[in-house]
Amino acid sequence: MRLRTFSALRLAEAMAAVRAELGPDAVIISTEADERTGEARVIAAVEEAETEDAFLDHILFPPRDRPGRAHLSDTVANALDRTGAPARLAGRLIALARASEAADPALALAAALDERFAFAPLGVASDRPIALIGPPGAGKTVTIAKLAARAALAGRSVGLITTDTARAGGVEQLGAFAQAIGIGAAAAEEGPALTAALDLVRARDLRLIDTTGMNPLAEDELRRLAEILHAAGAEPVLALPAGLDPLDACEIARVAAVLGARRLIATRLDTVRRHGALLAAADGADLAVAELGFAPEILDGLAPAAPMGLARMVLQSHSASEFHPQARAADGSP
Ligand SMILES: Nc1nc2c(ncn2[C@@H]2O[C@H](COP(=O)(O)OP(=O)(O)O)[C@@H](O)[C@H]2O)c(=O)[nH]1
Ligand SMILES: [Mg+2]
1073 MRLRTFSALR LAEAMAAVRA ELGPDAVIIS TEADERTGEA RVIAAVEEAE TEDAFLDHIL
1133 FPPRDRPGRA HLSDTVANAL DRTGAPARLA GRLIALARAS EAADPALALA AALDERFAFA
1193 PLGVASDRPI ALIGPPGAGK TVTIAKLAAR AALAGRSVGL ITTDTARAGG VEQLGAFAQA
1253 IGIGAAAAEE GPALTAALDL VRARDLRLID TTGMNPLAED ELRRLAEILH AAGAEPVLAL
1313 PAGLDPLDAC EIARVAAVLG ARRLIATRLD TVRRHGALLA AADGADLAVA ELGFAPEILD
1373 GLAPAAPMGL ARMVLQSHSA SEFHPQARAA DGSP
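Okay, so the sequence shown: first residue is 1073 according to our numbering, each after it adds one.
Dropping the structure here:
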């Protein structure tokens, strides 16, 4: 998807420029008059396969506002364009950002994200056990360790159980993290063993269950996972790694929602520049965004999700290394 802004003295001229440059398939996202100059502005989107040249252009010459014409919706539109979010979702977010009273792009985008998405961090205690589910390598085990460390540092008691017993090293990996944090971890494959393991930690403030990577296309694996979640009475939370194709991410999120997930944790955000898949998945499967994982480190790699942190991440997507929601939150801004 490409989002482009066209300005002209009259709306008809701007529309003609849209058709001339983007062709008949261009989707008009919005039309408006510039408050200062009275010029007509049209934001249009076109779906196109990105050629290699266009891709390189994108990296070398990221779209920027022209000097003296910096405009909130341009900034927000350019940033959303860079994320690779689906055009329709980007268009809605631009409209919401414009409808907000905020003059600052980060605040306007945060308001739009707040309106469009739910944010529901996991916290350091929960009545129900929380099971992290998601594709292999999503960062489930590392995220469990991050959540456990955060709760332990807050003085909460934590119970860790892994059902990832079949894969070589699955149990040992969680065990090593648990040892580093100074808590215990149990392994239980399913059914009675799992209920017994949960029983042993039932008084803990936070009970976290690690699971084997799920293949969203393998029905038998999904059925087994559903049985584990049912036996544990656990809330499944999706661990969604950055860098997926937005449609694949959406499909994974929808499968997670069928398994009972209502929220997702975005992981490995530091490893890619484009975060459109996260937006597409949360939107497409109606999942609340719970946490943002942006580093492999256990003690400093997870932040509770909030509109402002996500807005900054989207606006800074051309320089992923700058993104650190906790460091930025420390500057006193919301
Ligand atoms: N850079 C980065 N790496 C991460 C993050 N979360 C997990 N990883 C790495 O991703 C890999 C897979 O993580 P793991 O927890 O084993 O995935 P699982 O298969 O879902 O349990 C490991 O090498 C982790 O260190 C993150 O937020 N940022
Ligand atoms: Mg794992």
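Glycine included, C-beta positions come from ideal geometry on N, C-alpha and C. These figures come from a predicted structure and were not determined experimentally.
DSSP, reduced to helix, strand and coil, places Arg1113 within a strand of the structure shown. According to DSSP, Phe1191 shares a beta bridge with Val1361. Note: Leu1204 is bridge-paired with Asp1282 and Val1309 in the DSSP secondary-structure output.
Not one heavy atom of ligand 1 is found less than 6 Å from the C-beta of Asp1320. In this structure, the straight-line span from the alpha carbon of Ala1080 to that of Glu1323 is close to 40 Å. Pairing Leu1301 with Ala1349 gives a Cβ-Cβ distance that is not under 7 Å. A contact is defined here as three or more CB-CB pairs under 8 Å, and the stretch 1239 to 1255 fails this definition with respect to the stretch 1334 to 1350.
Here Ala1174 has Ala1180 and Ala1183 as same chain residues with Cβ atoms under 6 Å from its own Cβ, once five neighbours each way along the sequence are excluded.
Contact residues of ligand 1 (beta-carbon closer than 7 Å to any heavy atom; chain order) are Gly1206, Pro1208, Gly1209, Ala1210, Gly1211, Lys1212, Thr1213, Val1214, Thr1215, Gln1245, Asp1282, Gly1285, Ala1311, Thr1339, Arg1340, Leu1341, Asp1342, Thr1343, Gly1365, Phe1366, Ala1367, Pro1368 and Gly1373. Taking the C-beta atoms as reference points, Gly1365 is found nearer than 7 Å to Thr1215.
With a minimum length of 4 residues, the unbroken runs of alpha helix (DSSP H) contained wholly in the stretch 1334 to 1381 fall at 1348 to 1356. One Cα belongs to Leu1225, the other to Glu1369, and the distance between them is close to 15 Å. For the pair of segments examined, the stretch 1255 to 1272 was found not to touch the stretch 1285 to 1294: the number of CB pairs separated by less than 8 Å stays below three. For Leu1232, no alpha helix (DSSP H) run applies; the uninterrupted beta strand (DSSP E) run containing it begins and ends at Val1230 to Thr1234, by DSSP. Within the DSSP bridge table, the entry for Val1099 names Ala1117 as partners. Under the three-state reduction of DSSP output, Thr1077 falls in the strand class. Between Arg1091 and Glu1104, the C-beta gap is not smaller than 7 Å, which leaves the two residues out of contact. Note on geometry: alpha-carbon atoms of Ala1149 and Ala1088 lie some 21 Å from one another.
If you draw a straight line from the Cα of Pro1096 to the Cα of Ala1116, it comes to about 11 Å.
Here the C-alpha atom of Gly1285 lies approximately 13 Å from the C-alpha atom of Ala1298.
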